[in-house]
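*Asks:*
Numbering (this note's numbering), first residue to last: 2 to 83.
#1: What is the DSSP secondary structure of residue 4, counted as helix, strand or coil?
#2: Does the stretch 25-34 come close enough to the stretch 64-74 that 3 or more CB-CB pairs lie under 8 Å?
#3: Identify whether residue 40 lies in helix, strand or coil by the three-state DSSP scheme.
#4: DSSP state of residue 46, grouped into three classes?
#5: What whole-angstrom Cβ distance do residue 37 and residue 10 have, given they're in contact under 8 Å?
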């Protein structure tokens, strides 16, 4: 995170929803195959580095994660997870 804040959501191994609110100076490493969603607040700036030898697309949809995270409000993210 360069500036602002984001919320990072993923399902843990037991399919428990995990959400972290991250601010300036924070970073995250997402392992291949982990479904995740990001909410970026207004005026936030992030940098993404994709590394490794994978030359194929590693993106796949997660309707289950989308259905849980799309209903979350910014105020809820900050109050509950911030």
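Positions of the beta carbon are idealized from the N, C-alpha and C atoms, including for glycine.
*Replies:* Working from what's here:
#1: strand
#2: no
#3: strand
#4: strand
#5: 6 Å
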